[in-house]
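Everything on this sheet refers to the single structure shown next.
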Amino acid sequence: MSELPRWQRCLDATLGAPKPGQYRARPEDFLVDEQLDFTPEAHGEHLWLRLEKRNQTTLDVVRSLSRICGVTPRDIGYSGMKDRIAVTRQWLSVHLPGRDAPGELDASLEALGIKVLEKARHPRKLKRGVHRTNGFILRLTGEAVQAEDFERRWQALCEHGVPNYFGPQRFGSEGRNLQRAQALLARGWRKRDDRQGMMLSTARSFLFNELLSARLADGTWNRPIAGDTLMLEGTQSVFTIDATDGNLLARAEALDVHPTGVLWGVGSGGAEAQSKAAAHEAQLPRRHPALCEGLEKSGVKSARRALRMRLTQPQLRWEPEGVLLSFALPRGSFATAVIGELIDHPDMA
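In UniProt numbering, the protein residues as written are 1 to 349.
Here it is as structure tokens:
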């Protein structure tokens with residue numbers, strides 16, 4: 001599989017394909033602010049730092065903190081991985097039991113283009129996936145922004161939600177991460193070959209996007225069907241339905257519940273495809289048997305992800321050179337999935 005497929009967009013059926021546009025022309029055009037729903041307790045063995053970085057990955061920052069503080073990367077915690085070509089703010093933690101941070105910490109980080117915004121002690125390491133949302137401020141330019149239907153596209157996404165695709169950055173340039181994942185799963189996944197689990201995540205993300213695209217194609221990505229597992233808006237709580245009714249359809253229309261898709265792993269596809277939802281998921285091992293089998297052999301457990309995401313606090317502001325959009329998304333959702341509905345860009349192909 002040398003190239004990623006062109007997955008379905010939700011607005012093409014009503015508004016047609018978007019026109020060409022640009023985003024992230026410079027890091028300042030893509031601002032990300034990670035939001036926790038708790039604050040550090042001001043005591044403990046771990047120093048928590050809220051940092052602002054530019055043109056660096058989260059793992060770049062981890063390596064810098066490891067060197068400056070004299071700890072191993074395993075002693076550093078973070079909740080989410082943030083984009084490189086962006087200005088991003090997020091918390092990281094450093095395990096410093098019984099000692100203070102180096103006196104030159106702030107200056108050393110500043111010299112590397114990393115600003116310390118806040119510091120606090122906490123008893124525990126910052127764990128993956130504990131932040132609640134990411135706030136975004138994005139600048140878009142180009143023909144798509146000047147088109148008369150741009151605001152209608154934006155309003156449709158605000159009112160009806162956005163397909164919760166994993167973004168192109170998950171798959172690497174020209175899909176190279178997916179190629180690496182395929183090769184690793186084919187010979188048998190081992191932890192030592194994939195310390196961060198990124199190859200497993202890449203394979204699961206690809207299969208999820210395939211499923212979501214299929215449900216976009218038949219118009220069921222945003223409304224429940226028989227056998228669906230639904231997720232409550234704003235939580236990870238899920239429940240499975242045997243059939244739909246007027247109440248469930250109304251809740252889905254109000255963005256209160258969302259259909260989910262499988263993140264493939266042990267326990268996926270165990271039931272016979274007797275419902276519409278199961279029939280969709282049963283297509284994955286038929287179309288991509290090596291990926292599904294490799295994931296099951298790796299031992300990663302099956303999970304669920306919402307097929308749709310809701311934009312919270314959405315705002316649009318016109319500028320002389322383009323448009324500034326701001327909104328928040330649940331953790332694990334990608335702003336590039338929003339951008340891909342608004343502009344045509346090589347990254348989104």
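For each residue, glycine too, the CB sits at the ideal point set by N, CA and C.
- A check of alpha carbon separations from Asp33 across Gly332, Ser333, Ala328 identifies Ala328 as the nearest.
- Taking all protein chains shown into account, Ser268 has 16 or more neighbouring C-beta atoms within 10 Å of its C-beta and is therefore buried.
- Annotated as distal: Phe334 and Gly135, with beta-carbon spacing of 8 angstroms or more.
- Listed in chain order, the alpha helix (DSSP H) runs fully inside the segment 158–234 are 176–187, 198–217, counting runs of at least 4 residues.
- Taking C-beta separations shorter than 6 angstroms and ignoring five residues to either side along the sequence, the partners of Trp264 in its chain run Arg204, Leu207, Cys292, Leu295, following chain order.
- In the structure shown, the three-state DSSP call for Leu295 is helix.
- Cβ contact annotation for Thr244 (same chain, cutoff 7 angstroms, sequence separation greater than five): Pro224, Ile225, Ala226, in chain order.
- The beta-carbon separation of Pro18 and Leu342, rounded to 6 angstroms, stays under the 8 angstroms limit for a contact.
- Around the Cβ of Thr14, a 10 Å sphere holds fewer than 16 other Cβ atoms; the residue is exposed.
- Distance between Asn55 and Ala86, taken at the CA atoms: about 6 angstroms.
- Secondary structure note for Leu47: its beta strand (DSSP E) is the uninterrupted segment 46–54.
- Taking a C-beta distance under 8 angstroms as the contact criterion, Leu59 and Arg89 do not qualify as a contact pair.
- For the pair Arg331 and Gly129, the CB atoms are nearer than the 8 angstroms cut-off.
- Contact holds between the segment 314–324 and the segment 142–162, because three or more Cβ pairs, one in each stretch, are under 8 angstroms apart.
- Short of 7 angstroms from the beta carbon of His280, and not among the five residues preceding or following it, lie these beta carbons of its own chain, in chain order: Leu211, Ala214, Arg215.
- One alpha carbon belongs to Leu324, the other to Leu284, and they sit about 38 angstroms apart.
- In this structure, the CA atom of Arg286 is about 31 angstroms from the CA atom of Thr235.
- Straight-line spacing of the CA atoms in Leu49 and Arg176 works out to 33 angstroms.
- If you keep only unbroken alpha helix (DSSP H) runs of at least 4 residues inside the segment 104–146, you get 105–111, 143–146.
- Judged by beta-carbon spacing, Leu65 lies within the 8 angstroms limit of Leu92, meaning their Cβ atoms are closer than that value.
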